[in-house]
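Before any comments, here is the structure.
Numbering (this note's numbering), first residue to last: 576 to 927.
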């Protein structure tokens with residue numbers, strides 16, 4: 576009786592994360608989950624029913640797409656050097672925002688080493704994708720993105736999840752517009768707050784390469800040319816159709832569903848990052864083959880909620896009072912000791 580009673584009491588005393596954080600999920604508090612992420616479970620079911628070997632591996636076209644985008648940005652700088660301010664600004668939003676938004680997702684693809692068999696060549700391609708963006712991003716993104724996959728939603732590790740400050744501050748429609756406007760700042764500053772890391776050698780290389788490109792652009796096209804690249808990157812992460820994926824991928828729109836796919840035309844320009852459930856389930860499959868995965872296993876992907884418009888996702892996020900930066904799933908699956916060990920070694924993805 577004694578031991579049984581102790582076990583029974585221990586079971587009764589166990590408090591779930593939802594009970595520890597009792598605020599209304601998505602508005603006053605995050606969607607806390609005591610279970611492991613779905614992407615640690617569903618892939619096992621998929622591989623029981625389907626052979627995915629032919630889908631694995633890199634896409635040989637990625638290097639050509641990245642090179643074409645880099646050259647297109649250089650060509651547009653030349654075309655716009657004598658343009659009026661209005662022409663320049665429109666192209667800055669529409670063209671530079673589109674290309675640099677696309678290169679943001681090229682960096683995502685290359686962070687998974689899906690542009691080449693060679694890990695080092697993927698890293699070089701990542702620097703090339705980052706080159707026309709005016710701001711260093713690839714090396715740091717690569718380090719943190721590994722952890723976003725392995726520790727998705729993990730409190731203190733996944734820097735893709737907004738902070739409590741963001742959730743408390745940006746609640747109403749206008750505030751959420753402000754939050755979207757400053758989205759590039761949140762993605763840049765949040766890692767320093769949640770999970771700071773010392774700069775590695777590859778990040779230093781990334782900074783040096785961007786500084787060299789920026790100096791060359793400035794010497795040839797002045798401040799106007801440099802701003803064309805930098806503002807294109809910022810615009811492509813704000814109120815831009817290409818930026819919808821930042822909200823669409825993991826903001827909880829359907830109770831307890833953590834990841835959402837987008838099956839619209841912008842996948843053509845974003846390396847199929849919209850196939851996000853498929854991507855998180857099998858990060859070793861290139862964007863080119865993610866539609867094939869969905870076609871192969873429709874019983875796993877077609878029946879779950881998904882999107883056809885990133886723009887509508889952003890509109891819904893702003894207008895729906897039940898949505899806020901709190902509309903993300905969080906969990907605690909690692910111990911403080913495990914987190915400290917990870918932080919001591921500088922996190923994942925360090926090696927050049």
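No residue lacks a Cβ here, since even glycine has one placed at the ideal position from N, Cα and C.
Selected residue, minimal CA-CA separation from residue 831, among 607, 723 and 603: By 1-based counting over the chain shown, the position of residue 831 is 256. That would be 607, whose Cα lies nearest to the Cα of residue 831.
Rounded straight-line distance, which links the Cα of residue 912 to that of residue 839: Here residue 839 refers to the residue found at position 264 of the chain shown. Here residue 912 refers to the residue found at position 337 of the chain shown. Rounded to whole angstroms, residue 839 to residue 912 spans 42 Å at the Cα level.
Alpha helix (DSSP H) segment containing residue 747, residue limits: Counting from 1 along the chain shown, the entry for residue 747 is found at position 172. For residue 747, no alpha helix (DSSP H) encloses it, and the DSSP letter there is neither H nor E.
Candidates 600, 712 and 896: closest to residue 751 by CA position: Walking along the chain shown from the start, residue 751 turns up at place 176. Of 600, 712 and 896, the residue nearest in Cα terms is 896.
Where residue 619 sits in the DSSP three-state scheme: Counting from 1 along the chain shown, the entry for residue 619 is found at position 44. The three-state secondary structure of residue 619, taken from DSSP, is helix.
Through-space distance from residue 855 to residue 680, alpha-carbon basis: The residue given as residue 680 occupies position 105 in the chain shown. The residue given as residue 855 occupies position 280 in the chain shown. If I take the Cα positions, the gap works out to 15 Å.
Cβ pair residue 807, residue 684 closer than 9 Å: Counting from one through the chain shown, the residue named residue 807 turns up at place 232. Counting from one through the chain shown, the residue named residue 684 turns up at place 109. No, they are not a contact pair.
Contained alpha helix (DSSP H) runs [length at least 4] in the region 848-900, N- to C-terminal order: DSSP runs (the alpha helix (DSSP H)) wholly in the region 848-900: 851-856, 865-871, 873-876 and 885-894.
Residue 644 versus residue 885: straight-line alpha-carbon distance, rounded: Residue numbering aside, residue 644 sits at position 69 when the chain shown is read from its first letter. Residue numbering aside, residue 885 sits at position 310 when the chain shown is read from its first letter. Their backbone Cα atoms lie some 22 Å apart in a straight line.
Coarse secondary structure for residue 918, derived from DSSP in three states: Taking the chain shown and counting its residues from 1, the one referred to as residue 918 is at position 343. If DSSP states are grouped into helix, strand and coil, residue 918 belongs with the helices.
Residue 665 classed as buried or exposed, judged by whether at least 16 other C-beta atoms fall within 10 angstroms: For this step, residue 665 is matched to residue 90 along the chain shown. When all chains shown are included, residue 665 counts as exposed.
Closest residue to residue 762 among 745, 732, 716 and 699 (Cα-Cα distance): In the chain shown, counting from the first residue as 1, residue 762 sits at position 187. Selected option, being the one with the closest Cα: 716.
Contact belief for residue 563 with residue 624 at Cβ below 8 Å, rounded distance in angstroms: Absent from the structure is residue 563, since the part of the chain shown begins at 576 and ends at 927.
For residue 726, the three-state DSSP class (helix, strand or coil): Within the chain shown, the letter at position 151 stands for residue 726. In the structure shown, residue 726 sits in coil (DSSP, three-state: anything other than H, G, I, E or B).
Beta-carbon spacing of residue 755, residue 660 below 9 Å: On the chain shown, position 180 is the one that residue 755 refers to. On the chain shown, position 85 is the one that residue 660 refers to. Between residue 755 and residue 660, the C-beta gap is not smaller than 9 Å, which leaves the two residues out of contact.
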